[in-house]
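Undergrad: Chains as they are written, first to last, in the numbering used here: chain A, 1 to 247; chain B, 1 to 247. Questions regarding the structure given below will be posed in turn.
2 protein chains.
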Amino acid sequence: MEIIRKLEKPVFETRPLYLQIFDRLLDYIADGTWKSGAMVPNEIELARTFGVSVGTMRKALQALSERGLLTRRQGRGTYVSEMPSGESPSLDNLRTRRMDALTWEIKSIQVTSGLADDDEQRALSLTDGTSVVRIRKVLADTANDTHVLEYCRYPSQRFENLEKDTAAHTMPLGALARRYGLLAAPASEQLELHLADGKQAKLLEVTQGAPLLQLTRIVTCFDHVPIEFRVAFCRLGANAIYAYQLR
Amino acid sequence: MEIIRKLEKPVFETRPLYLQIFDRLLDYIADGTWKSGAMVPNEIELARTFGVSVGTMRKALQALSERGLLTRRQGRGTYVSEMPSGESPSLDNLRTRRMDALTWEIKSIQVTSGLADDDEQRALSLTDGTSVVRIRKVLADTANDTHVLEYCRYPSQRFENLEKDTAAHTMPLGALARRYGLLAAPASEQLELHLADGKQAKLLEVTQGAPLLQLTRIVTCFDHVPIEFRVAFCRLGANAIYAYQLR
DNA sequence: AAGTGGTCTAGACCACGGA
DNA sequence: CCGTGGTCTAGACCACTTA
C-alpha cells in the first residue's frame with residue numbers, strides 16, 4: 001500500500017491526502033452513504049480503511065467539521081450534521097433584536113420554468129438556451145411584522161423535475177440540494193437598499209416606493225458550480241434586524 | 001522543563017498548551033515585541049524557546065494565521081500581518097457592485113468625551129459613572145455617491161487621552177487598538193433599515209425620512225472585553241452595496 | 001543549496017460521555 | 001468502565017522561495 005501510493009501519487013494526484021479524503025467524505029455525505037444525523041466510524045477505523053495515519057484522517061474530519069458538515073464531540077463521536085430539513089426557507093440572518101430566529105409562514109408560492117435570461121445565465125454560469133426553474137415565494141413573520149418576497153432560480157439540468165417536486169419547493173437550500181445529490185458550500189451575500197416597485201409593493205403590502213432591504217446571493221457546490229441564484233426583498237418590522245458575523 | 005510543566009500544569013493552567021502559546025504570541029503582537037510586518041522566528045526555533053514540540057507550536061501559529069494576525073507562506077516564512085494603518089476608517093463591507101473598495105473622504109470629524117449613557121454602558125460593559133470618548137465622522141465617497149455618518153465610542157479607561165490623540169481619530173479600528181496595546185478580535189454586525197431624522201438628513205445631505213442602512217457593531221479584544229461601539233448610518237449610492245461572506 | 005512552512009506518520013496520554 | 005475525540009510528541013519527507 002505504501003509503495004502503491006508513493007508510485008501513483010505524483011502521476012495521478014498531487015493534492016494533499018487529507019484533501020482527497022475530504023472530497024471522498026463530501027461525496028459520502030452528498031450521496032447518502034453517510035446519512036444525515038448518523039454516527040460515522042471512529043478516527044482509527046477510518047484511517048485504516050483509507051490507509052492513512054490517524055493524524056491525516058483527523059485533518060480531513062476537522063476540515064469537514066469546520067465547514068459544519070460533521071459534528072464532533074469529545075467522548076461522543078463524529079456525526080453527520082443535521083441540516084435544517086424542515087420547511088423554513090432559511091433566511092438565517094434575519095433575526096429579532098434579541099437574535100431569535102424568525103418564524104416564517106409561506107403566504108404564496110409560484111413555480112415556473114423557462115429559458116434563463118441574461119442575469120440568470122451570468123449568475124448561474126449557464127450558456128444560452130439552457131433553462132431554469134424559478135420559485136417565487138412570499139414569506140411573512142406576522143408577529144414581527146416582517147415580510148419577504150423571494151425569487152429563487154435553479155439550473156434545470158441539475159434539478160431535474162424540480163418544477164413538479166412540490167415537497168422540495170419549501171425546503172431550505174441545504175436540504176433541497178442534498179435531495180438532488182448536491183452539497184451547498186458557504187456563499188457570499190450582497191445587501192442593498194431598494195425602493196418597492198408596484199408589484200413588490202402589492203405582494204409585500206406596502207406603499208410603492210417603500211424602502212426594502214434587498215438580498216442577493218449565489219450559492220455554489222464545493223466545486224464552485226453555482227446551484228442557486230436568489231434575490232429577496234425584505235420589509236423589516238421595527239423588531240427585525242439582519243445580523244452576521246464579521247471575519 | 002518537562003517536569004516543571006507536568007507538575008505545574010494541573011494546578012495553575014489546564015488549558016491546552018497551544019492556546020497558552022497563542023495568547024503569549026497575541027501579546028507579542030499587541031505590545032510590539034513582534035512588530036507589524038516583521039518576520040518571526042521559524043517553527044523549530046519557536047518550539048524550542050517555548051519548550052514544546054513543533055506540532056504544538058505549529059497549531060498555535062496556524063490559529064493566529066487563521067485569524068489574520070500572522071501570514072505564513074511555504075518557503076518564505078512567518079510574518080506579522082500588516083494591518084491597514086492608513087486613514088481609511090474601515091467600512092470594509094461597503095463595496096461597489098464590482099466589489100471594489102470605496103475611497104472615503106472625511107467630511108467632518110468631531111471628538112467629545114463624557115459619562116457613558118445607558119446604551120454605551122450596555123454595549124461596552126461599563127459600570128455607571130465611567131466615561132467614553134465619542135468620535136463622530138461624516139464620510140463620503142463622492143464618486144459613488146455614498147455617504148456615511150458614523151458614531152464610534154471607546155472606553156476612556158482603555159484609550160487614555162484618545163480625545164487629544166488626533167492622529168488616532170482617523171485610524172481604522174485595527175490600527176487604533178494596536179496603538180493602545182490592544183488587539184481587536186472578529187466581531188458581529190447588525191444591519192437594519194432606518195429613516196433619517198432631521199439631524200442625520202442634514203449631515204448626509206438627504207431629505208428627512210430618507211431610507212438609510214444602519215450598521216451596529218461591537219468589537220471586543222480576544223478576551224471578549226469590548227473596546228468599540230459603533231453605529232453608522234449609510235446613504236448608499238446606486239452603485240454601492242453591502243457585501244459579506246456567509247458562513 | 002539552504003531554509004522555510006506543508007504534509008504525513010506512529011505512536012502516547014488526557015478529558016469527556018455514556019453504559 | 002470503555003470508547004471517543006482532543007492534545008502532544010518527535011521525528012520524516014516534500015514543495016516552495018530565495019540567494
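Yeah, the Cβ is synthetic: ideal placement off N, Cα and C, and Gly gets one too. Since this is a predicted model, take the numbers as computed values, not measurements.
Where does the unbroken beta strand (DSSP E) through A/Gln245 begin, and where does it stop?
TA: Here the beta strand (DSSP E) through A/Gln245 covers Ala240 to Gln245.
Undergrad: Apply the 10 Å Cβ neighbour rule to A/Ile3 and answer buried if 16 or more other Cβ atoms are within range, or exposed otherwise.
TA: Because A/Ile3 sits at a pLDDT of 35, beneath the cut-off of 50, its placement in the model cannot be relied upon, and the point is left open.
Undergrad: Roughly how many angstroms lie between the CA atoms of B/Leu19 and B/Thr49, to the nearest whole one?
TA: About 16 Å.
Undergrad: Which residues in the same chain have their Cβ closer than 7 Å to the Cβ of B/Ile44, if we skip the five residues on either side of it in sequence?
TA: The residues are Val54.
Undergrad: How many Å lie between B/Gly174 and B/Ser36 at the Cα?
TA: Spanning the two alpha carbons is a distance of roughly 12 Å.
Undergrad: From A/Gln214 to B/Leu69, what distance separates their C-alpha atoms?
TA: Cα to Cα, the separation comes out at about 33 Å.
Undergrad: Which one of B/Leu94, B/Tyr244, B/Leu191 and B/Gly198 has the shortest CA to CA distance from A/Arg97?
TA: Looking at the Cα atoms, B/Leu191 is the closest of the given residues.
Undergrad: Output the distance between the C-alpha atoms of A/Glu13 and A/Leu183, rounded to the nearest integer angstrom.
TA: Cα to Cα, the separation comes out at about 23 Å.
Undergrad: So, using beta-carbon positions, are B/Glu150 and B/Val231 closer together than 9 Å?
TA: Against a cut-off of 9 Å, the Cβ pair of B/Val231 and B/Glu150 comes out as a contact.
Undergrad: So with Cβ pairs under 9 Å, would you call B/Glu192 a contact of chain A?
TA: True, the Cβ-Cβ gap to chain A drops below 9 Å.
Undergrad: For the stretch 221-246 of chain B, which residues have a CB atom closer than 8 Å to at least one CB atom of chain A, in sequence order?
TA: The residues in question are Leu236, Ala240, Ile241, Tyr242, Ala243, Tyr244, Gln245 and Leu246.
Undergrad: So is A/Ser188 in contact with chain B if we call contact Cβ pairs under 9 Å?
TA: By this cut-off, A/Ser188 is an interface position.
Undergrad: From the beta carbon of A/Pro211, is the nearest beta carbon of chain B less than 9 Å away?
TA: Judged by the 9 Å Cβ criterion, A/Pro211 is in contact with chain B.
Undergrad: Is B/Leu115 buried or exposed, if buried means 16 or more other CB atoms sit within 10 Å of its CB?
TA: When all chains shown are included, B/Leu115 counts as exposed.
Undergrad: Counting contacts by CB-CB distance shorter than 9 Å, is A/Leu64 in contact with chain B?
TA: Not closer than 9 Å to any Cβ of chain B, the Cβ of A/Leu64 fails to qualify, so no.
Undergrad: Could you spell out the range, first to last residue, of the beta strand (DSSP E) harbouring A/Ser188?
TA: Unbroken beta strand (DSSP E) run through A/Ser188: Ser188 to Leu195.
Undergrad: Do the CB positions of A/Leu237 and A/Asn144 come within less than 9 Å of each other?
TA: Looking at the sequence shown, residue 237 of chain A is not Leu but Gly. Result yes, Cβ atoms of A/Gly237 and A/Asn144 sit closer than 9 Å.
Undergrad: Straight-line CA distance for B/Ala248 to A/Thr216?
TA: With chain B represented from 1 up to 247, any question about residue 248 of chain B goes unanswered, as that position is not in the structure.
Undergrad: Please specify which runs of the beta strand (DSSP E), each continuous and at least 3 residues long, are wholly inside the stretch 129-171 of chain A, giving them in chain order.
TA: Runs found: 131-141 and 146-155.
Undergrad: Can you tell me whether A/Pro16 is buried or exposed, with buried defined as 16 or more other CB within 10 angstroms of its CB?
TA: Exposed, by the Cβ-count rule.
Undergrad: Can a CB atom of chain A be found closer than 9 Å to the CB of B/Leu17?
TA: So, not an interface residue.
Undergrad: Report back the beta-carbon spacing between A/Ser131 and A/Ser90 to the nearest angstrom; my notes put them in contact at under 8 Å.
TA: That belief does not hold up - the Cβ atoms of A/Ser131 and A/Ser90 are roughly 25 Å apart, past 8 Å.
Undergrad: Within 9 Å (strictly less), CB to CB, does B/Leu124 reach chain A?
TA: B/Leu124 does not count as touching chain A.
Undergrad: Should B/Leu203 be flagged as near chain A, meaning a C-beta pair shorter than 9 Å?
TA: Cβ-Cβ to chain A under 9 Å: no for B/Leu203.
Undergrad: Counting only beta-carbon separations shorter than 9 Å, does A/Leu195 have a partner in chain B?
TA: For A/Leu195, the answer is yes, since a Cβ of chain B falls inside 9 Å of its Cβ.
Undergrad: Thinking just about the alpha-carbon of each residue, which of B/Tyr180, B/Pro41 and B/Gly77 is nearest to the one in B/Ala30?
TA: For the residues B/Tyr180, B/Pro41 and B/Gly77, the minimum Cα distance to B/Ala30 belongs to B/Tyr180.
Undergrad: Could you pull the start and end residues of the alpha helix (DSSP H) that A/Arg76 belongs to?
TA: No alpha helix (DSSP H) holds A/Arg76; DSSP gives it neither H nor E.
Undergrad: Can you tell which of B/Val219, B/Ala167 and B/Lys199 has its C-alpha closest to the C-alpha of B/Ala210?
TA: B/Ala210 has its Cα closest to that of B/Lys199, out of B/Val219, B/Ala167 and B/Lys199.
Undergrad: So what does A/Gln208 bridge to, in DSSP terms?
TA: In the DSSP output, where bridge partners are listed per residue, A/Gln208 has none listed.
Undergrad: DSSP on B/Thr216, reduced to helix/strand/coil?
TA: Here B/Thr216 sits in strand by DSSP.
Undergrad: In the DSSP assignment, find the unbroken alpha helix (DSSP H) run with B/Val54 in it and report its ends.
TA: Note, B/Val54: alpha helix (DSSP H), Val54 to Glu66.
Undergrad: Which same chain residues, not among the five before or five after A/Thr207, have their C-beta less than 8 Å away from its C-beta?
TA: Excluding residues within five positions, the ones whose Cβ falls inside 8 Å are Ala196 and Ala201.
Undergrad: With A/Phe229 and A/Leu124 assumed to form a contact (beta carbons below 8 Å), what rounded beta-carbon distance in angstroms separates them?
TA: Right, their Cβ atoms sit about 5 Å apart.
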